[in-house]
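S.K.: To start, I am sharing the structure in question, which I have written as structure tokens.
2 protein chains.
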Amino acid sequence: MTNMSPDEFRHYGYRVVDWIADYWKHLESLPVAPRVEPGDILRRLPAHPPEQGESFDAVLSDLDELLVPGLLHWQHPRFFGYFPANSSPPAVLADLLCSGLGVQGMLWVTSPACTELEQRVLDWLAQALGLPERFRLAGPGGGVIQDTASSSVILAVLAALHRASAGRVRRDGVTPGRYVCYVTAETHSAVTKAAVITGLGEQAIRQVPTRPGEQAMDLTQLRGLVTADLVAGHTSLLAVATVGTTSTCAVDPVPGMGALCREHGIWLHVDAAYAGVAAVCPELRWLHDGVAEFADSYCTNPHKWLLTNFDCDTFWVADRAALTGALSILPEYLRNEASESGQVTDYRDWQIPLGRRFRALKLWAVLRCYGLAGLREHIRRGIEHAQHVARWITADERFELTTPQRLSLVCFRLRAANQANLDLLARVNATGITFLTHTKIDERVSLRFAAGGTHTELHHVEQAWRCVQQQAATLLAG
Amino acid sequence: MTNMSPDEFRHYGYRVVDWIADYWKHLESLPVAPRVEPGDILRRLPAHPPEQGESFDAVLSDLDELLVPGLLHWQHPRFFGYFPANSSPPAVLADLLCSGLGVQGMLWVTSPACTELEQRVLDWLAQALGLPERFRLAGPGGGVIQDTASSSVILAVLAALHRASAGRVRRDGVTPGRYVCYVTAETHSAVTKAAVITGLGEQAIRQVPTRPGEQAMDLTQLRGLVTADLVAGHTSLLAVATVGTTSTCAVDPVPGMGALCREHGIWLHVDAAYAGVAAVCPELRWLHDGVAEFADSYCTNPHKWLLTNFDCDTFWVADRAALTGALSILPEYLRNEASESGQVTDYRDWQIPLGRRFRALKLWAVLRCYGLAGLREHIRRGIEHAQHVARWITADERFELTTPQRLSLVCFRLRAANQANLDLLARVNATGITFLTHTKIDERVSLRFAAGGTHTELHHVEQAWRCVQQQAATLLAG
């Protein structure tokens, strides 16, 4: 085949737009989770690529027949697993523009508008979330879009190492056993993965106990570990404060951690991947207590609960020099006047890869099309749905909340053994009516109900809860 | 604003499809490079996000007025800078489907079709490029889509460290000064960045000299350095063989490097980011000489020269256990039966981030819609264009080739001082007619003409070359 002409593209473009509009319209009628065994889809796909080109119709037809039945439908209005991975019409449209433009944002000069829109939009979001002046355009720091919060914490580690070693680590490598990082058992596994990737190793991770019955870091324990490391001659490198942990949406005590970090020169990274975007609501601005005073870096994921398609993690640093100092390398083939003038931002020095998509477009479209008012409405709806679920659980004596309902997340369990709870989860998910996931809290299995989907309305939440109740009844009768 | 309804999405979806079709149709009439100063676009974007939502029309109108004039048009048929960043209609359409579906591929269970299509498509591509059996589905290795070749080389370093240390590095961290990596001055800067990110530091990089007058690694020099490191008690960790260097498309001697690596237990990573995809043509299969016998890992970028929108780097390992052993961490909230059965692939353990888009869709659509025959035609057209340019340069005594024309890349210079060549580049790019970039070869500035754009035809190449000739004439006339 030669290239599709622009008019053929128009034809198939309309068809794909129709396909998506219909998919969203009819999502409710699909089972949320697929019924497939490992290898089912692989076996149905041909073993060899075609020699001659086929029409895009063939792609669409196989999408319907082979692939859709093998998808877990994250955009389904009754999907309540993990955390939401919000998509939205403006984000999808803007991401399509990004694909069509096909520009590269690695350097300012490789598409100036790509860099400058990102700078502006990150500044907008920093304002919207009440993030401090020093993260913003006029300050010494700045914001950038990453793929995920996992990458953000790697960058935080690298910038912290650069600062702590006055640049030596970049040249000489890390010294094993010297640097330590503070987390809790509830901190995202990405921090341990970051320690492994950056060469610190798992041994660099200090797991600070949480306060009894809570899932947030115990400050007294943190102080004790930092003091012990000081005595042992270790360098306390970085502490991760989570605002909204993955399991239970717990919030670490950022102000207390921050004060301790400042005292000891520890880099404070705030991982607000899920919950940070909720601070767009003035009544939830407390989520960022301590960030303005103490955070060296911070991230939150509009691709979770802020209507912006994956991937879009927004990451800010208070001092961009630590980050770019850790990462900047300039080969001849990338040299250009604008970079050498020092007047531009080259985002390749703010991230792990070199190349980058024009991801700012989708975040810009979301902020423009929803406005701050629309974003607040979306966040509040997710929380309201979770409040309903929490009330229903409290009213049903077979169940109990395992943590207080926090933002759009509800953790609960059947008053029964762990295995019964896992069985309940499997039965619920097998119905196709809804989809939940689980965690463990103090060794007890808990189910997680994470509201906040783009298309979720109260009746979807009700249906899902009724499904849980029915499956519990069958299980308990069994 | 509340959400756009599916029908409103349809309306704006058609408009965006039209916008892209028109953009592609009229790209030729736009200057390739923008005429903007640092800050021009930033200043024209409002300082604050809107309180109330706006219509998507406002986004489209600002895109036209504020952003498009600030873009370097990578899809322009007369863009010959850097390397091509191919986009194509099937890839754009499939990426739109990916956005609309909004599923997560981090685990098999988070959308089985997402993982299994990727496995199948990577196997197709491995066959198409003549990559060895052990990289394929039935073998001990496997393939995965990464964002960029930068991430692939980080993964190669981590897997190599895992193998070389029998898993100890993961727990204890790296030992500085122990591990060394072999590259040349022509190897992509991503390898040094990878050494910095993984904690080895810049000191771990051994720059092996290239053969005089060539830009490929000198095997005798490599052998000498490896021996010296052995004597000094260092561990020779990894060698990077580049197939198609960024500056000049030089090809390192993979078979010779491979034999030496095998002898010393060194991990051989083959970085074929730009050139590897050309092996879809049987007459270029030699590009992969030595890969089948010796490569531990390999990557190439369909997002450069194989019609698949950024980001799509395809990465294979010969032994997947080294990679997943280096990276796998399983918190409770991600546990599931399928993963524990060992019967599925969880791609989060094959990459740096946790979350992942359904990127296999766009590569699948490209392979389906072009077929192998269409892909070969595309590769051959890019090479043919470069051959024309090389002939024109040879025929014009004011110019000289600085390396032989290789694949779709031509490096050349005005027979004049470095500064005159930089001036020529600036003048050419200021015309808006075409866009080239530069490099240095043995301290001499060379201009790079990288053909291979999706929409480029011979007359575009001719126009671009005439522009270079005219600007040279003006410059030389003084």
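Just so you know, the protein sequences line up as chains A and B, in that order. Counting from 1, one number per residue, gives the positions in the first sequence under this note's numbering. Counting from 1001, one number per residue, gives the positions in the second sequence under this note's numbering. Virtual Cβ for every residue (Gly too), placed ideally from N, Cα, C.
1. Any beta carbon of chain A sitting closer than 9 Å to that of residue 1223(B)?
2. Can you say whether residue 1252(B) is buried or exposed, counting buried as having 16 or more other CB atoms within 10 angstroms of its CB?
3. Measure the C-alpha to C-alpha separation of residue 1126(B) and residue 1366(B) and round it to an integer number of angstroms.
4. Strictly below 8 Å CB to CB, what residues from chain B border residue 309(A)?
5. Anyone know if the C-beta pair for residue 1234(B) and residue 1178(B) falls short of 9 Å?
6. Would you say residue 1003(B) faces chain A, with C-beta separation under 9 Å as the test?
7. So which residues on chain B does residue 119(A) lean against when the C-beta distance must stay under 7 Å?
8. Just list the residues that DSSP pairs residue 23(A) with in beta bridges.
9. Who are the Cβ neighbours of residue 1456(B) in its own chain at under 6 Å, not counting the five residues just before and after it?
10. Beta carbon of residue 472(A), beta carbon of residue 368(A): below 9 Å?
11. Report yes if the CB atom of residue 1299(B) is closer than 9 Å to the CB atom of residue 1157(B), and no otherwise.
12. Taking only beta-carbon positions, decide if residue 402(A) is within less than 9 Å of chain B.
13. Determine, using beta carbons only, whether residue 310(A) and residue 144(A) come nearer to each other than 9 Å.
14. Going by alpha carbons, who is nearest to residue 475(A) out of 424(A), 467(A), 443(A)?
15. Going by beta carbon distance, what residues of the same chain come within less than 7 Å of residue 1216(B), once the five residues before and after it are set aside?
16. For residue 1108(B), go through chain A and note every residue whose CB falls closer than 8 Å to its CB, in chain order.
17. Going by DSSP in three states, residue 224(A) sits in which element: helix, strand or coil?
18. By the 8 Å beta-carbon criterion, what residues does the region 280-294 of chain A contribute toward chain B?
19. For chain A, check one thing: does any of its Cβ atoms lie closer than 9 Å to the Cβ of residue 1112(B)?
20. According to DSSP, which residues form a beta bridge with residue 449(A)?
21. Taking the alpha carbon of residue 1068(B) as the reference point, which residue from 1031(B), 1043(B), 1054(B) has its own alpha carbon closest?
22. With a threshold of 16 other CB atoms inside 10 Å of the CB of residue 1146(B), please say whether the residue is buried or exposed.
23. Among the residues of its own chain, which have a CB less than 7 Å from the CB of residue 1001(B), if the five just before and after it don't count?
24. Taking buried to mean at least 16 other C-beta atoms within 10 Å of its own C-beta, is residue 1230(B) buried or exposed?
25. So if DSSP puts residue 1399(B) in a beta bridge, which residue, or which two residues, is it bridged to?
26. Spell out the partners DSSP gives residue 1145(B) in its beta bridges.
27. Pair every Cβ in the region 41-57 of chain A with every Cβ in the region 1113-1122 of chain B, then say whether three or more of these pairs are closer than 8 Å.
28. Find the residues of chain A that neighbour residue 1059(B), judging by a C-beta separation of less than 9 Å, and give them in chain order.
29. Classify residue 368(A) as helix, strand or coil using the three-state DSSP reduction.
30. Using a Cβ-Cβ cutoff of less than 6 Å, which residues in the same chain neighbour residue 1469(B) once the five nearest sequence positions on both sides are dropped?
31. So the alpha helix (DSSP H) residue 264(A) belongs to, where does it begin and stop?
32. Less than 8 Å separating the Cβ of residue 1345(B) from some heavy atom of the ligand HEM?
33. Among all the DSSP beta bridges, which residues are the ones paired with residue 1352(B)?
34. Residue 479(A) and residue 1199(B): beta carbons closer than 9 Å?
35. With burial defined as no fewer than 16 other Cβ atoms inside 10 Å of the residue's Cβ, what is the status of residue 1048(B): buried or exposed?
M.R.: In terms of the structure at hand:
1. no
2. buried
3. 15 Å
4. 1099, 1102
5. yes
6. yes
7. 1042
8. DSSP lists no partner for residue 23(A).
9. 1077
10. no
11. no
12. no
13. no
14. 424(A)
15. 1210, 1250, 1251, 1252, 1253
16. 38
17. helix
18. none
19. yes
20. 410(A)
21. 1031(B)
22. buried
23. Caution applies to residue 1001(B), whose pLDDT of 48 falls short of 50 and renders its modelled position unreliable; the value that the coordinates give is listed next. Here the set comprises 1053.
24. exposed
25. 1414(B)
26. 1314(B)
27. yes
28. 90, 93, 94, 97, 361, 364, 365, 368, 369
29. helix
30. none
31. 254-264
32. Among the ligands in the structure shown, none appear at all, so the ligand HEM cannot be discussed.
33. According to DSSP, residue 1352(B) bridges with nothing at all.
34. Residue 479(A) lies beyond the residue range present for chain A, which begins at 1 and ends at 478; the question has no answer from this structure.
35. exposed
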